Amino acid sequence: MLIAVGVVVQACAIAYALFDILHKTDDGQVFTKDSDNAGIAVHAVVGEMVVPLLVILLLIVSFFAGIPGGVKWAAITFGVLVLQIVLAYASFPVPILGVLHAINAFALAAVASIAMRQARVAGSAQASAPVAA
Numbered sequence: 007m008l009i010a011v012g013v014v015v016q017a018c019a020i021a022y023a024l025f026d027i028l029h030k031t032d033d034g035q036v037f038t039k040d041s042d043n044a045g046i047a048v049h050a051v052v053g054e055m056v057v058p059l060l061v062i063l064l065l066i067v068s069f070f071a072g073i074p075g076g077v078k079w080a081a082i083t084f085g086v087l088v089l090q091i092v093l094a095y096a097s098f099p100v101p102i103l104g105v106l107h108a109i110n111a112f113a114l115a116a117v118a119s120i121a122m123r124q125a126r127v128a129g130s131a132q133a134s135a136p137v138a139a
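For the sequence shown, the residue numbers in my numbering are 7 to 139.
Written as structure tokens, this is what we have:
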């Protein structure tokens with residue numbers, strides 16, 4: 007669930023970044039790649055450090071959790087994250103690829119949510135299983 011929440015934080019951060027830039031440029035400020043913007047900073051930190059760390063932890067834990075399909079969904083989440091990072095870096099020289107980066111963010115949140123649901127279903131099944139005496 008934290009991965010999906012991280013995607014939401016990413017969307018909020020980049021939306022704030024754009025509106026902050028528009029607000030400042032409307033006031034006559036010039037924005038360059040050297041300009042400071044909190045939204046871009048948050049997007050970079052969460053996207054390059056926090057979410058990847060969470061995805062790697064999910065993948066590692068999935069090998070030991072014994073959840074049916076858990077490793078599969080954790081690996082898919084990892085793959086979608088790798089694609090997300092590739093799309094991010096490819097979007098700097100080819101900005102239209104940023105659209106795919108945004109769409110893939112929704113895919114990342116979706117597969118992470120599916121992985122979370124798999125864990126909940128497995129946890130519910132284990133909790134309701136009869137205890138051997």
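Yeah, the Cβ is synthetic: ideal placement off N, Cα and C, and Gly gets one too.
Given the structure is predicted, the values throughout are model-derived calculations rather than measurements.
At the level of alpha carbons, what is the spacing between residue 56 and residue 86? Taking C-alpha positions only, residue 56 is separated from residue 86 by approximately 15 Å.
Please classify residue 21 as buried or exposed, where buried requires at least 16 neighbouring CB atoms within 10 angstroms. The Cβ neighbour count for residue 21, taken over all protein chains shown within 10 Å, is under 16; the residue is labelled exposed.
Just reading off the alpha helix (DSSP H) that residue 32 is part of, what are its end residues? Looking at the DSSP string, the run of the alpha helix (DSSP H) that includes residue 32 is 8 to 32.
Indicate the three-state DSSP secondary structure (helix, strand or coil) for residue 78 in the structure shown. Here residue 78 sits in helix by DSSP.
Would you grab the beta carbon distance between residue 60 and residue 120 for me? Rounded to a whole angstrom, and I think it's under 8 Å. Residue 60 to residue 120, Cβ: 15 Å. No contact.
Burial state of residue 38 (16 or more Cβ within 10 Å): It counts as exposed.
Assuming residue 97 and residue 103 form a contact by the criterion Cβ under 8 Å, report the distance between their Cβ atoms to the nearest whole angstrom. Sure, about 4 Å apart at Cβ, within 8 Å.
On the CB-based measure, 16 or more other CB atoms within 10 Å of its CB, does residue 125 come out buried or exposed? With a threshold of 16 other beta carbon atoms within 10 Å, residue 125 meets it and is buried.
Would you give the residue range spanned by the alpha helix (DSSP H) that residue 51 belongs to? For residue 51, the enclosing alpha helix (DSSP H) covers residues 44 to 51.
Rounded straight-line distance, which links the Cα of residue 30 to that of residue 71: Approximately 49 Å between the Cα atoms of the pair.
Go ahead and pull the three-state DSSP assignment for residue 72. When secondary structure is reduced to three states using DSSP, residue 72 falls in the coil class, being assigned neither helix nor strand.
Assigned secondary structure, residue 38 (DSSP; H/G/I helix, E/B strand, else coil): For residue 38, the secondary structure class from DSSP, reduced to helix, strand or coil, is coil.
For residue 13, I'd like the list of residues in its chain whose CB is within less than 6 Å of its CB, leaving aside the five on either flank, ordered along the chain. These residues qualify, in order along the chain: 111, 114 and 115.
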